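What follows is a set of notes on a single structure, which appears directly below.
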Amino acid sequence: MGGASDRPPPDPAGRYERIYSVVRRIPAGRVATYGQVAELAGLSGHARMAGYALHALPEHSTVPWHRVINAQGRLSLRADGEGGALRQRFRLEEEGVEFDLSGRVSLKRYRWKGRKSRTDARK
DNA sequence: CATTTGACATCTT
DNA sequence: TAAGATGCCAAAT
69 MGGASDRPPP
79 DPAGRYERIY
89 SVVRRIPAGR
99 VATYGQVAEL
109 AGLSGHARMA
119 GYALHALPEH
129 STVPWHRVIN
139 AQGRLSLRAD
149 GEGGALRQRF
159 RLEEEGVEFD
169 LSGRVSLKRY
179 RWKGRKSRTD
189 ARK
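As structure tokens, this is what we get:
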């Protein structure tokens, strides 16, 4: 067993990097939920971690954090008030993502089908 | 070192 | 559809 059990994060100082890596793979015009990002990052079940990672992300970062939304298809941003969320919404609209009257995104249509790496569909 | 809080998800009422 | 409760991990105080 190679030791290390099955714990994915061998990076005590770069766990977030794993999250960023997944977010970077999100194509424009597509969105992914925190839970999905966490799962692709190897932290399945720990959706919160994904959120913290993005929050700790600097603005000048090249990570398209605006493509990451919550499972309700809604934007989640407490800091910066609604301005931050509003800014994110405009950014997504600019990429082709549409919002409904409730301010929610149709995950059914814009959800990014990201796999764990592997062009193979599954298995 | 213990407590609190935080870019969430999922289930239940 | 909305609202409340629970679980998760990490950083801040």
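Residue numbers (the working numbering): 69 to 191. We put the CB at the ideal spot given by N, CA and C, even for glycine. Computed from a predicted structure; not experimentally measured.
Task: Environment of R135 [buried if 16+ CB atoms lie within 10 Å] - done: If you number the first sequence from 1, residue 135 lands on position 67. Burial is judged here by how many other beta carbons sit within 10 angstroms of a residue's own beta carbon; R135 has at least 16 and is buried.
Task: Contact test: R172 Cβ vs the ligand MG heavy atom, cutoff 8 Å - done: The ligand MG is absent from the structure shown, which contains no ligands of any kind.
TODO: Please classify V99: does DSSP put it in a helix, a strand, or coil?
DONE: Locating residue 99 in the first sequence gives position 31, where the first residue counts as 1. V99: strand per DSSP, three-state reduction.
TODO: Only counting runs of 4 or more residues, tell me where the alpha helix (DSSP H) segments fall wholly within the stretch 129-182, in order along the chain.
DONE: 149-163 and 175-178
Open item on the list: Alpha carbons only, please: which of G97, G171, Y88 and E85 is nearest the one belonging to K181?
Closed with: Looking up residue 181 in the first sequence gives position 113. Among G97, G171, Y88 and E85, the Cα nearest to that of K181 is on G97.
Task: Residue span of the alpha helix (DSSP H) that contains G119, given as start and end - done: To locate residue 119, count along the first sequence from 1; it is residue 51. A115 to H123 is the span of the alpha helix (DSSP H), which, as asked, contains G119.
Open item on the list: For K176 and Y120, what's the separation of their Cα atoms in angstroms?
Closed with: Along the first sequence, one-based indexing puts residue 176 at 108. Along the first sequence, one-based indexing puts residue 120 at 52. Cα-Cα distance, rounded: 25 Å.
- [ ] With DSSP as the reference, label L108 as helix, strand or coil.
- [x] Taking the first sequence and counting its residues from 1, the one referred to as residue 108 is at position 40. If DSSP states are grouped into helix, strand and coil, L108 belongs with the helices.
Task: Anticipated Cβ contact below 8 Å, A153 with L145, distance rounded - done: Working through the first sequence from its first residue, we reach residue 153 at position 85. Working through the first sequence from its first residue, we reach residue 145 at position 77. Going by Cβ atoms, the distance from A153 to L145 rounds to 4 Å, so yes, they are a contact pair.
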